[in-house]
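Since the structure comes first, as structure tokens, the remarks are kept for the end.
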């Protein structure tokens, strides 16, 4: 299965993806942009300020790269792949930035996720986490409550085959284990 983990920055997407990956022996954990895209910080500052479209194309290319990498190197019928951020994140953030882009896997022949896990977290807790780790340029956009609401509405309208996990509960390990056993282990697509 190909499983995308998404949510607002600071919600715990990487942590949850790692927990799932650790439960799922033999699985693979990927991120977009991947390590091949080392210039991300410069893209998020200089390029974003000048051209939202160029910024979008950079992130879209990182999604295309991961999609092709998976298709060429991994048999997802036998090995589960967990991917932190993917096309939905690129589409949502750039729609909020004003681009008229759509969530369409077929146009660029992108691998479509079997499942998308949206990580939900109380806003005060999310802000604490982001402040503790240090805010990136794009993290600061979510400080604006109106833009943050736009992000959440866009995610809500774009999510397909999704499972919402509340990362603010004390029993997060139990929730992750339940998600893994009920849906992923049994390949019970939502």
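Numbering (my numbering), first residue to last: 44 to 233. By construction, the Cβ of each residue, glycine as well, lies at the ideal position given by its N, Cα and C atoms.
In angstroms, rounded to a whole number, what distance separates the CA positions of residue i and residue j?
{"i": "residue 170", "j": "residue 128", "result": "19 Å"}
{"i": "residue 106", "j": "residue 167", "result": "30 Å"}
{"i": "residue 220", "j": "residue 63", "result": "8 Å"}
{"i": "residue 204", "j": "residue 66", "result": "21 Å"}
{"i": "residue 174", "j": "residue 183", "result": "10 Å"}
{"i": "residue 85", "j": "residue 229", "result": "42 Å"}
{"i": "residue 218", "j": "residue 208", "result": "7 Å"}
{"i": "residue 210", "j": "residue 88", "result": "29 Å"}
{"i": "residue 52", "j": "residue 122", "result": "27 Å"}
{"i": "residue 58", "j": "residue 93", "result": "32 Å"}
{"i": "residue 75", "j": "residue 49", "result": "11 Å"}
{"i": "residue 61", "j": "residue 70", "result": "10 Å"}
{"i": "residue 193", "j": "residue 103", "result": "20 Å"}
{"i": "residue 186", "j": "residue 80", "result": "26 Å"}
{"i": "residue 132", "j": "residue 145", "result": "11 Å"}
{"i": "residue 90", "j": "residue 82", "result": "11 Å"}
{"i": "residue 172", "j": "residue 165", "result": "11 Å"}
{"i": "residue 68", "j": "residue 191", "result": "35 Å"}
{"i": "residue 319", "j": "residue 117", "result": "Nothing in the structure corresponds to residue 319, since the chain is present only between 44 and 233."}
{"i": "residue 176", "j": "residue 216", "result": "22 Å"}
{"i": "residue 97", "j": "residue 147", "result": "18 Å"}
{"i": "residue 212", "j": "residue 100", "result": "36 Å"}
{"i": "residue 178", "j": "residue 214", "result": "27 Å"}
{"i": "residue 47", "j": "residue 206", "result": "10 Å"}
{"i": "residue 180", "j": "residue 115", "result": "33 Å"}
Hey, is residue i's beta-carbon within less than 7 Å of any beta-carbon in chain D?
{"i": "residue 122", "result": "Annotation note: the requested chain D is absent from the structure, which comprises a single protein chain."}
With 16 other CB atoms within 10 Å as the buried threshold, where does residue i fall?
{"i": "residue 149", "result": "exposed"}
{"i": "residue 55", "result": "buried"}
{"i": "residue 189", "result": "exposed"}
Less than 7 Å between the C-beta atoms of residue i and residue j, yes or no?
{"i": "residue 45", "j": "residue 160", "result": "no"}
{"i": "residue 95", "j": "residue 142", "result": "yes"}
Less than 8 Å between the CB atoms is what I'm expecting for residue i and residue j, so what's the real figure, rounded?
{"i": "residue 202", "j": "residue 125", "result": "So it is not a contact: roughly 17 Å between Cβ atoms."}
{"i": "residue 158", "j": "residue 223", "result": "Their Cβ separation, rounded to whole angstroms, is 11 Å, which puts residue 158 and residue 223 out of contact at 8 Å."}
- Is there contact here, the stretch 153 to 168 with the stretch 103 to 119, by at least three beta-carbon pairs under 8 Å? yes
- Item | Segment contact flag, the stretch 188 to 200 with the stretch 129 to 140, C-beta cutoff 8 Å, min 3 pairs | yes
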